[in-house]
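Numbering (this note's numbering), first residue to last: 1369 to 1549.
In this text, a Cβ means the ideal position worked out from N, Cα and C, and glycines have one as well.
All of these numbers come straight from a predicted model, not from anything done at the bench.
Here it is as C-alpha cells:
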C-alpha cells in the first residue's frame, strides 16, 4: 500500500500580489478640465466609485466651489457623476491597473498607465493632477495642447494643507478654465 503524498496547501494571492483594475473615466464631450488621481483607494474600488472614502475631501471641496448647486448625496453616485459632468469636469486616474496593498500611493507597484491620448475630448483645456503621485506621471502622460496643473491632494493622507487652503488652490485652477467664478 502506498502512502499518500501530502498536498501542499493552496495559497491564495496576497493583496499586494493581486493585479487591481481601476475605474473607467467619467468624461463626456463637454469635459473641459480632467482631474487625474493616481489610483482609486481600496474603498473606491470596492464601491466602484471615485473618491468613495468618506475622509477624502474631493466631494466637499467641489461643493465649496459650486455652492449654488447642491451635491447629490453619496448614495446617489450616478447623480454625482452627472453633477460633475454638467460642470465640464471629468474624473479619471493616471494608472489603469497596479499592484498595491492598502490605499497609499507609496505602495503602488507594477503600475500601468491609462491611455489619456485615447480619450476623445474635443473641449479639453487642461488636466489637473490631484496630488504629487499623479503629477509625477505628467510628462509620461502628456496630452499635447492642454495646460497641466498640480493640485494639492484631497486624500486623507495629505493633511499638510487645510481644507480652506486646498479649496483656494483648486478654485484658482477651476476659475482659470471657466469652471467657477
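Item	Value
Exposed unless 16 or more other CB atoms sit within 10 angstroms - verdict on residue 1486	exposed
Through-space distance from residue 1437 to residue 1407, alpha-carbon basis	27 Å
CA-to-CA distance, residue 1441 to residue 1541, given in whole angstroms	25 Å
Beta-carbon separation (whole angstroms), residue 1446 vs residue 1464, contact threshold 8 Å	With a Cβ gap of about 22 Å, residue 1446 and residue 1464 do not count as contacting.
Coil, strand or helix - residue 1480 by DSSP	strand
Contacts around residue 1516, its chain only, beta-carbon distance under 6 Å, and the 5 residues preceding and following it disregarded	1495, 1506
Length of the line joining the Cα atoms of residue 1462 and residue 1414	19 Å
Cβ-heavy atom distance, residue 1529 to the ligand FAD, below 7 Å	In terms of ligand content, the structure shown is empty, and the ligand FAD therefore cannot be addressed.
Start-to-end residues for the alpha helix (DSSP H) that takes in residue 1535	1531 to 1544
Range of the contiguous beta strand (DSSP E) that encloses residue 1497	1494 to 1498
Beta-carbon proximity check, residue 1539 vs residue 1456, cutoff 8 Å	no
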